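Colleague:
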Amino acid sequence: MLCFFLIRSKKAKNLTLILLLLGVLINGTSLFAVGQFIGFTSRLNATSNYSHYSMSIAVLADSSIDNISQVTSVTGPTGTDKDNIQQLMNDLKASQNKELTVEESRSYLAAYKSLLAGDTKAILLNSVFENIIESEYPDYASKIKKIYTKELTKTVETPKDVKGDSFNVYISGIDTYGPISSVSRSDVNIIMTVNREAKKILLTTTPRDSYVPIADGGNNQKDKLTHAGIYGVDASI
1 MLCFFLIRSK
11 KAKNLTLILL
21 LLGVLINGTS
31 LFAVGQFIGF
41 TSRLNATSNY
51 SHYSMSIAVL
61 ADSSIDNISQ
71 VTSVTGPTGT
81 DKDNIQQLMN
91 DLKASQNKEL
101 TVEESRSYLA
111 AYKSLLAGDT
121 KAILLNSVFE
131 NIIESEYPDY
141 ASKIKKIYTK
151 ELTKTVETPK
161 DVKGDSFNVY
171 ISGIDTYGPI
181 SSVSRSDVNI
191 IMTVNREAKK
201 ILLTTTPRDS
211 YVPIADGGNN
221 QKDKLTHAGI
231 YGVDASI
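What follows is the structure in structure tokens.
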């Protein structure tokens, strides 16, 4: 009887130890998962405060020009993308001690067409407009080579805390891949209206092809709503 009690007590202790170890393992795994999730959401919130894109100088793929030092002038839409082009010019002057003459074009697409036609040897490219060129020239990326690129970021204004009973949230879905800070055409434009008092949410879809004035980089000129996304989420709002 005593032997049976001792054996049973030993088994109980072993079982208790196993259960304790299992509990510690489960709790540790849960804490790690929570930490990873919090870290992920923190990184997501951090990158949502700015948009990321690049400005480049490109020439034809078979051009003998391989270095920015060989370029004296470029073609680009200074009328519609003046600020970004100026940032690139400032960077060239500061880092390469290089000043370029910028020839005006209606758009980046028009600049690319002039490059193909041989009317210019080098053009400016804003990465957010490249998909517009690609929609008309699917093989355009293989036709050019970028000889200088500057990565740029644009700070997005942090939204204010909402204190009222109702508020709107703009939801944008862009047709590209990459980090949340990427900018591109906004194919999904949803206004989510939240009424705290009524405890109701209303989703209103705005057609992507709505012809409206585009703010910010669009200079309030009329265009499709989807194209507002290339200037950043603020322009779409």
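Under full-length UniProt numbering, the first residue of the sequence shown is numbered 1, with each subsequent residue one higher.
We treat Cβ as the ideally placed atom computed from N, Cα and C, and that holds for glycine.
None of these values were measured; they are calculated from a predicted model.
Give me the Cα-Cα distance between Lys154 and Tyr108, rounded to the nearest whole angstrom.
Modeller: 20 angstroms
Colleague: Would you grab the beta carbon distance between Glu103 and Thr120 for me? Rounded to a whole angstrom, and I think it's under 8 angstroms.
Modeller: 7 angstroms
Colleague: Are the CB atoms of Asp165 and Glu136 nearer to each other than 8 angstroms?
Modeller: no
Colleague: Grouping DSSP H, G and I as helix and E and B as strand, with all else coil, what is Ile237?
Modeller: coil
Colleague: Closest by CA to Gly118, which one among Lys163, Asn131, Asp62 and Leu225?
Modeller: Asp62
Colleague: For Arg106, count neighbouring C-beta atoms within 10 Å of its own C-beta (all shown protein chains included) and say buried if the count is 16 or more, exposed if not.
Modeller: exposed
Colleague: Give me, in chain order, the residues of the same chain whose beta-carbon lies closer than 6 angstroms to that of Thr149; leave out the 5 immediate sequence neighbours on both sides.
Modeller: Ser54 and Ser56
Colleague: Give me the residue from Leu225, Asn195, Leu124 and Lys199 with the minimum Cα distance to Asn189.
Modeller: Leu225
Colleague: Considering only the alpha carbon of each residue, which of Asp66, Ile65 and Glu130 lies closest to His227?
Modeller: Glu130
Colleague: Expressed to the nearest angstrom, what Euclidean distance is found between the alpha-carbon atoms of Tyr112 and Ile123?
Modeller: 7 angstroms
Colleague: Enumerate in chain order the residues of its own chain whose CB-to-CB distance from Val212 is below 6 angstroms, with the five nearest sequence positions on each side excluded.
Modeller: Leu225
Colleague: Since Ile191 contacts Thr206 with CB under 8 angstroms, what's their CB separation in whole angstroms?
Modeller: 7 angstroms
Colleague: Shortest alpha-carbon distance to Asp187 belongs to which of Val194, Ser236, Lys163 and Gln87?
Modeller: Ser236
Colleague: Using C-beta distances below 7 angstroms, list every residue in its chain close to Ile133, excluding the 5 sequence neighbours before and after it, in chain order.
Modeller: Tyr108, Leu109, Tyr112 and Tyr140
Colleague: Could you check the C-alpha separation between Gly232 and Gly23 for me, to the nearest Å?
Modeller: 48 angstroms
Colleague: Using a 10 Å radius around the Cβ and a threshold of 16 neighbouring Cβ atoms, would you call Pro138 buried or exposed?
Modeller: Exposed: under 16 other Cβ atoms inside 10 Å.
Colleague: Which whole-angstrom value is the C-beta distance of Lys145 and Ala58, which I expect to be below 8 angstroms?
Modeller: 7 angstroms
Colleague: Under three-state DSSP, which class holds Ala111?
Modeller: helix
Colleague: Thinking C-alpha only, which one of Leu203, Ser184, Thr193 and Val183 is nearest Val162?
Modeller: Thr193
Colleague: Can you tell me where the beta strand (DSSP E) holding Tyr211 begins and where it ends?
Modeller: Tyr211 to Ile214
Colleague: Cutting at 6 angstroms between CB atoms, please list the residues of its own chain near Asp223, excluding the five before and the five after it.
Modeller: Ile214
Colleague: Using 8 angstroms as the threshold, is the C-beta distance between Leu100 and Thr78 below it?
Modeller: no
Colleague: Tell me which same chain residues have a C-beta within less than 6 angstroms of the C-beta of Ser210, skipping the five on either side of it?
Modeller: Leu225
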